[in-house]
Amino acid sequence: MPQYLWYIFVKRKQSGYFGHIKENADDTTVVCLADYAENYTLQDQDQMQSAHWSKKQVSIFTAYTWMGGSEVNGYSFGFVSDL
């Protein structure tokens, strides 16, 4: 149980600090929150049966940025990686 309580404590501190940074960002600050989505397997619609054993995968990373001094609330974007 103490380990879980420590996790909750750290989570709340990080969340509070992140909110503080977003609210107090000036025109020289960019706050970025990035997330790794997952691996996706690419398939052709009419693939041969042998293609079943060698499928390519891609990873998707999504992000959202807040910029201090900007008239826009923020920007969302994503990256696709095939490495």
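Residue numbers (the numbering used here): 992 to 1074.
Note that CB positions come from ideal geometry on N, CA and C, so glycine has one too.
If you're wondering where the values come from, they're calculated on a predicted model, not measured in any experiment.
One thing to note: residue 1069 has its Cβ no nearer than 7 Å to the Cβ of residue 1056. In the DSSP assignment, residue 1048 falls within the beta strand (DSSP E) that extends over 1048-1058.
Along the segment 1003-1034, the beta strand (DSSP E) occurs as fully enclosed runs of 3 or more residues at 1021-1032, listed in sequence order.
In the displayed model, residue 1071 falls within a strand according to three-state DSSP.
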